[in-house]
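S.K.:
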Amino acid sequence: MPKHVTIEKKIKPFNKEIKVSGDKSLSVRWALLASQAIGKSKAYNLLRSEDVLNTLKGLKKLGVKIKLNKNFCEIDGVGINGFKYKKNLTIDAGNSGTFGRLILALLIRSPYKIKLTGDKSLSRRDFSRVINPLKEFGATFYPKNKFTLPLWIKGTNFVRPINYFEKKGSAQIKSCIMLAALNSPGITKINAKK
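Counting along the sequence shown from 1, when you hit position 163 you're at 163 in this note's numbering, and nothing is skipped either side.
1) Suppose the cutoff is 6 Å on Cβ atoms and the five residues either side in sequence are ignored; what does the same chain contact list for PHE165 look like?
2) How far does the beta strand (DSSP E) with ASN191 in it extend, from its first residue to its last?
3) Can you list, in chain order, the stretches of the beta strand (DSSP E) that have 3 or more residues and sit fully within the stretch 101-186?
4) Roughly how many whole angstroms lie between the Cα atoms of ARG125 and THR140?
5) So the beta strand (DSSP E) ALA43 belongs to, where does it begin and stop?
6) Would you kindly report the start and end of the unbroken beta strand (DSSP E) that includes VAL78?
7) Mapping DSSP to helix, strand and coil, what is LEU33?
8) Beta carbon of ALA93, beta carbon of LEU56: below 9 Å?
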């Protein structure tokens with residue numbers, strides 16, 4: 001089995017219908033990935049949990065158009081680095097550690113400081129496991145050496161690829177690195193312990 005996957009060429013357009021039951025982790029990740037696509041993505045049976053709704057609210061603040069009704073959620077993706085960044089923007093992750101950690105990866109090109117907040121419980125949780133690799137990509141975090149919310153991220157125009165050894169076995173860390181790598185030229189590698 002290969003130790004890493006390299007995508008060298010664009011693939012043919014992916015236009016398939018996939019049916020899965022509502023799941024928080026899948027719903028949050030789908031929304032984030034759909035925001036980075038160009039054009040409309042539609043999900044049926046999207047979980048309507050507080051975490052997923054906070055994800056959709058956060059994406060709307062970044063200029064992503066979202067249509068949510070009884071049967072489906074439609075996201076009109078803005079493409080990679082297509083977010084509309086504003087000064088003094090605050091994104092509230094609520095209690096969603098998945099959204100809070102992964103949205104930081106997609107903010108890696110922000111020209112402004114963006115504040116990330118969360119509820120009392122999330123504000124006690126450690127974000128160092130995603131902050132450290134994002135610093136390697138070139139992001140800056142404020143205050144320095146603080147790893148809990150609230151915190152601010154400022155991106156860079158010079159996102160660099162990284163070679164990261166992921167030793168915790170965390171899907172959030174790997175997802176964060178993969179999302180940040182979308183904005184990076186070159187090859188980013190994630191090595192994980194067996």
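Backbone N, C-alpha and C define an ideal beta-carbon position, used for all residues, glycine too.
M.R.: With the structure as the only source:
1) ASN191
2) 189-192
3) 114-117, 140-142, 151-154 and 163-166
4) 19 Å
5) 38-44
6) 72-78
7) helix
8) no
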